[in-house]
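Right, one structure below, let's go through it.
Chains as they are written, first to last, in the numbering used here: chain A, 76 to 553; chain B, 607 to 1039.
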């Protein structure tokens, strides 16, 4: 049976190909000049350059964090090229004008944009390396007043909004990687939902890392005004490279009174080969601020790729009655390492949070759940429920749980549960008895294990995630 | 270097340490010297260290408390209220020094009970083999200090297949203020033996003192040890306790630790399941109020397959007190069929009370059953209402529920008179009027 498991684990990376497009690449290394170069290339206003330089200064004074439960060779930040953009041709009016090469790439990934946009009603803000190439459905969204564009466009067209919110949830000096991102971010998505508007469709961004040796520093900013609601999808794939690529994104969410933001991620970046060579380093800072009363922020993530995943999508529950949610499935295989979890900071009264984390480790991988639930003295009647379950496949992998619970208010009710298990012989036997083969049984058990999280995903993603998981773990259970 | 900032407490201790004669080949002198060498390489922990993140012991740094020498007079009756009827042997240590006039050693046929100095001649070799070997002093400053200042120790050796049914009472009395005492205890339970140990800390002083204790227990195969620890130092005291237990195949270790006293207390319990099929339970109750801080760090290390561990830790936090629990369970590669469960439950009685808990699992084997849970909260309104509907006042209902919360751990103590004593204390502490 373990042979079946082995096969399952050893599926080669499907999306490994490099698109040949001429890139405008900045020289390697990081210094003030590079930051000025990025800023001038993007025709940025003075305040944004100041923001970047401030972040750079902070970054210089910071040390790389050491506490996380992952191991990797030291990153040489001076050997990374911090800017790479497809050569600007001319502004595109419709999808037909998009570089056919680029479109083919998306097709290979199974993201036929126009079709997808039309059929599924999804507006896809395509990010190819660092510059946004085309944005669909913008007009339809504009009708209801929603701004959905790349962040550089937002800087040009809506500087007052960007200036007001950028860096308010994740300050420039928040952590080492966030500071780096604040200094050199090249592009990302911006989304603004005006007062009382329910976004008519799911918004989606497809990330793609291209150009060998260029780290990608995305910046996403989503603002939901009073009574607004939005569901945002983020999906990632990357081509196969041998040099490790650093990805240090920052995502900021702001929900005002009665607003609701749902952020879903399916991450399937290149994880390195079975010997752990290559693969993406995914060091991401994601944080949502539930600022208004009755606001709600919900994170859902399916993490299957990356050599190293290091991210803690967090919720700061400041508004009264605000709600934070975190649903996560993390799958690690071969030599992948994941140290992921969430932080729920309860500040407002009657705030509630739910954490459901499922991790599956196979091969020689290592996955950790690291979470923090903090109830500050002001958070009367705060409520938290956490559940983290781990499943181990094979005897060379590891699963760790580090839940920090800090309660400074006696009216709080905090519960945490965790368990670790494997796929039981009895369970497999039961399936076989019913005429279901091992492989299928394993797939069903794993999907059952992750069901609570998949239920939270939007329809298209749920289907994709289910497939992704069974193909990731094909042949790895015995 | 800036990290070597002046630390009155540590400096004072290091200066007062007397180097044993250089020519001495005595293993004990050697051990002390080695430990002192380790002290030189270590520093006092700060809240910057992950292991001490929630426990700020900086107040200790300002207290130049030298190592205690037994000088103060202690009346013979001082420990009497704590003596228990059921015990077969009672070893009393005053400020870390054996006090034979207060102790009572019963029938010692088949069992070895006494102080280090009295057993050195007869059992020196056995003791030398274990003492200082289990408690790792190379990377823990408090264990290193205790070992460096090791003067006396309670030693209990239970030979093969001997079963001592009556508990052995180890009473450690702190009788001087402004000193540091170093109680020490070594238990060797050889294969197939059975013993019950009660480790008990009390203070006669009202002012601050430091107790830095190290306990080592070695369990042979099939040995069975029950270990009850009661810490009731005064509310100004600093109490740092380290206990390391090593389990051979199929041995069983059951521990209950009750923390009631001290201004700042820290208890590190390390249980190493080094043998196949070893089992342990590690229960705890911390009942604290005012400005007290009680920190319990446990580490259960499943090294070999078929191990089993159970843990229930409870904190009742009143006033402005601060409860800390960190329970780490490690399942090493190949420790298959491990069955482990852990529960941390915390009750906050006031809105100034604070709890930091971290149940932690690190698992490197796949065929295991591990679960942990943690809860923090106040008394359930429904439960209070239920009791009120039965005619109890709101206050009586609260007191009863609080008492019952702690009672779950006290109930597991197998010495009736101690259980009664503790029930009395918990009852008194939970009767808020």
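Built from N, CA and C at the ideal position, the CB exists for glycine as well. The structure presented is a predicted model; accordingly, all values stated were derived computationally and were not measured.
_With the cut-off set at 8 Å, would you say residue 862 of chain B and residue 889 of chain B are in Cβ contact?_
yes
*Are the beta-carbon atoms belonging to residue 645 of chain B and residue 747 of chain B less than 8 Å from one another?*
yes
*Inter-residue CB distance, residue 779 of chain B and residue 762 of chain B (contact presumed, cutoff 8 Å)*: No, residue 779 of chain B and residue 762 of chain B are not in contact; Cβ-Cβ is about 19 Å, not under 8 Å.
*Please list, in chain order, all residues of the same chain as residue 945 of chain B whose beta carbon is under 7 Å from its beta carbon, the five residues on each side excluded.*
914, 975
_Complete alpha helix (DSSP H) runs within the segment 102-137 of chain A (minimum length 4 residues, chain order)_ = 107-116, 121-135
*Could you list which residues in chain B have their beta carbon closer than 9 Å to that of residue 135 of chain A, in chain order?*
What residue 135 of chain A touches in chain B: nothing, since even the nearest Cβ is about 21 Å away.
*Any idea which residues DSSP pairs residue 830 of chain B with across the strands?*
B:800, B:858
*Counting contacts by CB-CB distance shorter than 8 Å, is residue 386 of chain A in contact with chain B?*
no
*State yes or no: is the beta carbon of residue 483 of chain A nearer than 8 Å to at least one beta carbon in chain B?*
yes
_Distance, residue 339 of chain A Cα to residue 960 of chain B Cα_ = 34 Å
*Does DSSP put residue 300 of chain A in a helix, a strand or coil?*
coil
*Which stretch, first to last residue, makes up the beta strand (DSSP E) that contains residue 320 of chain A?*
320-322
_Applying the 10 Å Cβ sphere with the 16-neighbour rule, what's the burial state of residue 554 of chain A?_
It is not possible to answer for residue 554 of chain A, since the shown part of chain A is limited to 76 through 553.
*For the segment 467-477 of chain A and the segment 439-459 of chain A, state whether three or more C-beta atom pairs, one from each stretch, are separated by less than 8 Å.*
yes
_Quick check: is the beta carbon of residue 302 of chain A nearer than 8 Å to any beta carbon in chain B?_
no
*Is the beta carbon of residue 329 of chain A sitting closer than 8 Å to the one on residue 266 of chain A?*
no
*DSSP beta-bridge partners of residue 489 of chain A*: A:459, B:982
*Within the same chain, show all residues whose beta-carbon is closer than 6 Å to that of residue 850 of chain B, passing over the 5 residues directly before and after it, in chain order.*
740, 741, 822, 876
_Which residues DSSP lists as bridging residue 242 of chain A, in chain order_ = Its beta-bridge partners do not exist; DSSP assigns none.
_Among the candidates B:871, B:879, B:992, B:819, whose CA atom is the shortest distance from the CA of residue 760 of chain B?_
B:819
*asked:* Can you tell me whether residue 614 of chain B is buried or exposed? The criterion is at least 16 other CB atoms within 10 Å of its CB, across all chains shown.
replied: exposed
*Just checking, does the segment 454-463 of chain A make contact with the segment 428-435 of chain A on the three C-beta pairs under 8 Å criterion?*
yes
*asked:* When you compare the CB of residue 492 of chain A with every CB in chain B, is at least one pair closer than 8 Å?
replied: yes
*Partners in chain B for residue 487 of chain A, counting only beta-carbon separations shorter than 9 Å*: 954, 982, 983, 984
*In its own chain, which residues sit with a C-beta less than 6 Å from the C-beta of residue 229 of chain A, not counting the 5 before and 5 after it?*
237, 265
*Name the DSSP bridge partner or partners of residue 760 of chain B?*
B:721, B:791
*With residue 247 of chain A as the anchor, note down where its alpha helix (DSSP H) starts and where it stops.*
Residue 247 of chain A -> no alpha helix (DSSP H), and no H or E assigned at all.
*Take residue 436 of chain A and list the residues in its own chain whose beta-carbon comes closer than 6 Å to its own, dropping the five residues that flank it on each side.*
407, 442, 467, 472, 474
_Boundaries (first-last residue) of the alpha helix (DSSP H) holding residue 960 of chain B_ = Careful: residue 960 of chain B lies outside any alpha helix (DSSP H), inside the beta strand (DSSP E) at 960-969.
*If you draw a straight line from the C-alpha of residue 275 of chain A to the C-alpha of residue 993 of chain B, how long is it?*
52 Å
*Mind checking if residue 477 of chain A is an interface residue toward chain B, Cβ cutoff 8 Å exclusive?*
yes
*asked:* Under DSSP, the beta strand (DSSP E) around residue 420 of chain A begins and ends at which residues?
replied: 418-421
*Terminal residues of the continuous alpha helix (DSSP H) containing residue 356 of chain A?*
From DSSP, residue 356 of chain A is part of no alpha helix (DSSP H) but of the beta strand (DSSP E) over 355-365.
*Which residues of chain B have a Cβ atom closer than 9 Å to the Cβ of residue 501 of chain A, listed in chain order?*
Chain B residues near residue 501 of chain A: none, gap ~13 Å exceeds 9 Å.
*Cα-Cα, which of A:136, A:383, A:260 is closest to residue 115 of chain A?*
A:260
*So what's residue 739 of chain B in DSSP terms, helix, strand or just coil?*
coil
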